[in-house]
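Here the structure comes first, spelled out in structure tokens, and everything after it is commentary.
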Amino acid sequence: MRAFSVDAPAQHDLLAATVWYEERRDGLGDEFVAGVAAVFRRVRDTDEFATAPILRVTAAVVRRERTARFPYVVYFVEDDAARRVIAVLHVRRDPNVWQARVRAP
837 MRAFSVDAPA QHDLLAATVW YEERRDGLGD EFVAGVAAVF RRVRDTDEFA
887 TAPILRVTAA VVRRERTARF PYVVYFVEDD AARRVIAVLH VRRDPNVWQA
937 RVRAP
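Just so you know, we're using the working numbering here: the sequence shown kicks off at 837 and counts up by one.
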């Protein structure tokens, strides 16, 4: 199994969205977190993805997985050794946000 990690900017994305949903309705933030956690498990536990990468970088690819209920996407960089979540963003966010994080540690 590949190593799995969530970068600090992605953790911040998750927290900000959770707060936003929780302000809309009590408990909705928790439901959002549960939805993202399900995606994190899928990213961590899936051996091979059938979907094509959205970007190729040196010795790695960027993939995305959508949440089931909320309009959010988890972007991650994958190589032979690890999968690193770089962003948790609303589907309408500017793609420059996640693209700027591809090479960041």
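For every residue, glycine included, the Cβ atom is placed at its ideal position computed from N, Cα and C.
Best match in the options for proximity to residue i [C-alpha to C-alpha]
| i | options | result |
| --- | --- | --- |
| residue 888 | 837, 858 and 914 | 914 |
| residue 875 | 854, 885 and 901 | 901 |
| residue 843 | 871, 931 and 918 | 918 |
First through last residue of the beta strand (DSSP E) which encompasses residue i
| i | result |
| --- | --- |
| residue 924 | 918 to 926 |
Buried versus exposed call for residue i [16 or more other C-beta atoms within 10 Å across all chains shown]
| i | result |
| --- | --- |
| residue 851 | exposed |
| residue 927 | exposed |
| residue 861 | exposed |
Backbone CA spacing between residue i and residue j [nearest angstrom]
| i | j | result |
| --- | --- | --- |
| residue 904 | residue 894 | 30 Å |
| residue 877 | residue 911 | 13 Å |
| residue 936 | residue 879 | 21 Å |
| residue 892 | residue 899 | 9 Å |
| residue 939 | residue 922 | 9 Å |
| residue 897 | residue 868 | 26 Å |
| residue 933 | residue 924 | 10 Å |
Bridge partner(s) assigned by DSSP for residue i
| i | result |
| --- | --- |
| residue 902 | 909 |
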